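Participant: Here you go, one structure.
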Amino acid sequence: MFKYLKQLTSLVAMVAVLFTFTTETMAAKKSKTLKNTQKKGFVRCGVSQGLPGFSNADAAGNWTGVDVDVCRAVAAAVLGDANKVKFTPLSAKERFTALTSNEIDILSRNTTWTLSRDADIGLTFVGVNFYDGQGFMVRKNSGISSVNDFKDGVSACTNLGTTTELNMRDFFNSKGIKYEPVTFEKADEVVAAYDAGRCDTYTTDKSGLAAQRIKLSSPDDHIVLPETISKEPLGPVVRQGDSVWEDIVRWSLNTMIEAEEYGVNSANADSMKTSDNPAVKRLVGAEGELGAALGLDNDWSLRIIKQVGNYGESYKRNIADTGILPDRGPNELWTKGGILYVPPAR
Amino acid sequence: MNIKKILPQLLTLLVVILIFGFFSYNAQVNMENRGITFGYGFLSQESSFDVQFSLIEYDGSHSYFRAYLVGLLNTILVSVIGIIFATIIGVVVGIARLSNNYLINRTAAVYVEFFRNIPLLLQIFFWYFAALRALPLPQDTEPMFGVFFLTIKGFFVPAFVWNNLDVFIYSIIAAIISIIFVRIYAKKKQENEGIQTPVLSISIGLILILPILSFIFGGVDASVEIPVIKQLSQSGYTYEGGIKLPPELISLALALSLYTATFIAECVRAGVQGVSKGQKEAAASIGLTPNQVLKLVVMPQALRIIIPPTTNQYLNLTKNSSLAAAIAYPDLVLVFAGTALMQTGRAIEIVSITMLTYLSLSISISIFMNWYNKKIAIKEK
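Chains F and R supply the protein sequences, listed in that same order.
Residues in the first sequence are numbered consecutively from 6, following the working numbering.
Residues in the second sequence are numbered consecutively from 1388, following the working numbering.
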């Protein structure tokens, strides 16, 4: 009897060991991208060629911006160090091909989430890190104060290969205005051409207008019209077919937003471990086993908050303090009148 | 059949097929894994984006195929303009480099060395951004001859509004056909009787007189539509009516022709210098005038040296026109391999079509130039 019991316990132990082993590594095994990233030691992240506030490199080559912070958060979660990111600047035209052809693992480049992009070309959008809309910038002395003041023959400068081109057509067609689209490959060239007077208006996402306005020779001579002609939810994108990696990126972003909601920031994260609120404790890894489900350790979210900060900190550092868009508008938490609302991390 | 001769060729062919097979299989597997479908069906879908400048009627309600044609025609347009101007500038500069006048040949040499040693993209940027900024706004511009307006928004020129345009075109076709007949007759006459006919003056006369007759008797009538300034806002103006040449087209054509002309100039110089001095002296000694020496003895021989390398330059110019995307000229790369690719996400399909298109363009130019080269080759009599 005892003989059998001993055998039985060892069998149970073996099964248990095997089971924990499989649950722990299943995520890692299933996700080729996660495995490759851990092997390489850095996250491969596709960003813009320079959009202040979103992804912009300084003279020393340090990237900053809210899009950049998403990649840094993933690096902090997966590799333990927010600086272990390799940034690849991409034009609007190159971005999706770079992702589907495995040159990058996350595309965090002010990219609008649309049905055809999500469903048709092998991509998956994981969330929204900035709610934007398309607007128009004009010269102050033109006297134009609304989009209804545009007349036949207006020339509009914009970027190539963006949803902007499509929205612009929909907008001018609905108003019955004949327009001249002038599309450039790079944002810097759009700015230069608009600045020179080649175009009467510059149209792109409003955040982009605010950021690019700084680059004009005299920013104060230009205004952004109040109307927003489209919905532009911008967010990070991953390749289709690696759902674990998709989850890691999605929840890295969600962690930042939820941390702000619960008042956890880079300064107080450690002390929050003793909080009374279980949701806060889960967020800093003091309760629950949420990391294991993603194939990560339990401190993954704590590292994101400590190294990158919560969404509010990222927004303030990159967009508000740089004077691009001091007002958060829709990008405020749902509890404060905005539309930032993420599913609970539990 | 000699097996030894054929076997290596067969093996090479097999390797090429295997390599292509491997790549297409690899692409197929990768696309399947990522849930990307392959097909050219998208070409008939509505494109839903507009293009700034188009030779055929086009807007976003047309198909992607139509957008492809718009891009292709724009590429051909800028290439043809570029080739014409590059050839004219190249021939003039090439001959100027051989001039005995120190000032003329030095100026030509400086031009060649300067323009061919600066990267083309930089020159395009220069002509577009630097020169564009120097152009006046539509409301500040001084009209040239009262009807041409060169502004930052483009070059506005008068357009012709035609009545009975077809009669006018027939008259030109008739003129060209009669010129061909005159040439054949002149050649025969020279071969049989040794008398030269002034073909050039007769040709010019024909091409002028026949269309003029069509105006007088054919009911052809053309009025001119002059661009008029139009206010868009308190500070914004543009021109309406007439034809608008976008500044992108002008800068690109200018940069391409100035750059390529340097290479053509060198081809021309090499060609003329390649004709041996004895030929010129022999021609002069039988009493030909300097003009006749150039036209009948030097040029026919020089052309045979000039044509093959110049063909290369024409091909280069056509391919270089794809830099258009940098300055918003809607060529094939910008419209089709740019916007259309982005909207559909069909990278492999669109890039393959674009590559095949450039290949066909280049091969067509090569075939034409080879035909011309054969035509002017020495014919043994």
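C-beta atoms are modelled at their ideal positions from N, C-alpha and C, and glycine is treated no differently.
For clarity, every value in this text was computed on a predicted model and none was experimentally measured.
(1) Can you give the Cα-Cα distance for Glu108(F) and Ser276(F), rounded to whole angstroms?
(2) Have a look at Leu1704(R), Ile1673(R) and Gly1541(R) and flag the residue whose alpha-carbon is nearest the alpha-carbon of Gly1629(R).
(3) Starting from Ser147(F), find everything on chain R with Cβ-Cβ shorter than 7 angstroms and list it in chain order.
(4) Does DSSP put Arg144(F) in a helix, a strand or coil?
(5) Go through its chain and collect everything with a Cβ distance to His346(F)'s Cβ below 7 angstroms, but skip five positions before and after it.
(6) State yes or no: is the C-beta of Ile324(F) within less than 7 angstroms of the C-beta of Gly55(F)?
(7) Where does the unbroken beta strand (DSSP E) through Gln1618(R) begin, and where does it stop?
(8) Tell me Ala62(F)'s beta-bridge partners as DSSP assigns them.
(9) Since Ala216(F) is in the alpha helix (DSSP H), which residue starts that stretch and which ends it?
(10) By DSSP, does Thr1528(R) sit in helix, in strand, or in coil?
(11) Does Asp332(F) come out as helix, strand or coil in the three-state DSSP assignment?
(12) Given a limit of 7 angstroms on CB to CB distance, which residues of the segment 1447-1459 of chain R reach chain F?
(13) Does Gly300(F) come out as helix, strand or coil in the three-state DSSP assignment?
(14) How about Leu258(F) and Gly132(F): do their beta carbons lie closer than 7 angstroms?
(15) Given a cut-off of 7 angstroms, decide if Ser160(F) and Glu185(F) are closer than it, judged by their beta-carbon atoms.
(16) Quick one: using the 10 Å Cβ neighbour count with 16 as the cut-off for buried, is Gly181(F) buried or exposed?
(17) Since Phe189(F) and Asn164(F) are thought to touch, with beta carbons under 8 angstroms apart, how far apart are those beta carbons, to the nearest angstrom?
(18) For a contact defined as C-beta to C-beta under 7 angstroms, what are the partners of Gly141(F) on chain R?
(19) Mind checking Gln1432(R): buried by the 16 CB within 10 Å criterion, or exposed?
(20) Val79(F) and Asn134(F) - do their beta-carbons sit closer together than 7 angstroms?
(21) Quick check on DSSP: helix, strand or coil for Leu95(F)?
(22) So Asp1527(R) contacts chain F; which residues on that side make the cut at Cβ distance below 8 angstroms?
(23) If you draw a straight line from the alpha carbon of Ser147(F) to that of Ala1546(R), how long is it in whole angstroms?
(24) Quick one: give me the first and last residue of the alpha helix (DSSP H) that Phe1602(R) is part of.
(25) Anyone know if the C-beta pair for Ala1712(R) and Gly1732(R) falls short of 7 angstroms?
(26) Which same chain residues, not among the five before or five after Gln1666(R), have their C-beta less than 6 angstroms away from its C-beta?
(27) Once the 5 residues before and after Thr344(F) are set aside, which same chain residues still bring their CB inside 7 angstroms of it?
(28) For Lys98(F), decide whether its Cβ has a neighbour in chain R, counting only Cβ atoms nearer than 7 angstroms.
(29) Run the CB neighbour count on Gly1623(R), radius 10 Å, all protein chains shown included, and call it buried at 16 or more, exposed below.
(30) In whole angstroms, what is the alpha-carbon distance linking Ala1562(R) and Val1607(R)?
(31) Along chain R, which residues have their Cβ under 7 angstroms away from the Cβ of Lys180(F)?
(32) Cα separation between Phe1502(R) and Leu1645(R)?
(33) Using DSSP with H/G/I as helix, E/B as strand and the rest coil, what is Ile1750(R)?
(34) Residues of the segment 1634-1666 of chain R in Cβ contact with chain F at a cutoff of 8 angstroms, in chain order, please.
(35) Should Ala197(F) be flagged as near chain R, meaning a C-beta pair shorter than 7 angstroms?
(36) Taking a contact to mean a Cβ-Cβ separation below 7 angstroms, would you say Ala264(F) touches Leu230(F) in this structure?
Facilitator: The short version:
(1) 39 angstroms
(2) Gly1541(R)
(3) Ser1620, Gln1621, Ser1622 and Gly1623
(4) strand
(5) The sequence shown places Tyr at residue 346(F), rather than the His named in the question. Within the same chain, Tyr346(F) has close Cβ partners Trp339.
(6) no
(7) Val1615 to Gln1618
(8) Trp68(F)
(9) Lys211 to Arg218
(10) coil
(11) coil
(12) Gly1447
(13) coil
(14) yes
(15) yes
(16) exposed
(17) 6 angstroms
(18) The sequence shown places Phe at residue 141(F), not Gly. Those do not exist, as Phe141(F) stays about 12 angstroms from chain R at its closest Cβ, beyond 7 angstroms.
(19) exposed
(20) no
(21) coil
(22) Going along chain F, no residue has its Cβ under 8 angstroms from Asp1527(R), so there is no contact; the nearest lies around 10 angstroms.
(23) 29 angstroms
(24) Val1586 to Phe1604
(25) no
(26) Val1684
(27) Thr is not the amino acid found at residue 344(F); the sequence shown has Ile there. Cβ neighbours of Ile344(F) beyond the five flanking positions: Tyr136 and Pro335.
(28) yes
(29) buried
(30) 16 angstroms
(31) Under the 7 angstroms cutoff, chain R gives no residues; its nearest Cβ is about 14 angstroms from Lys180(F).
(32) 7 angstroms
(33) helix
(34) Pro1634 and Glu1635
(35) yes
(36) no
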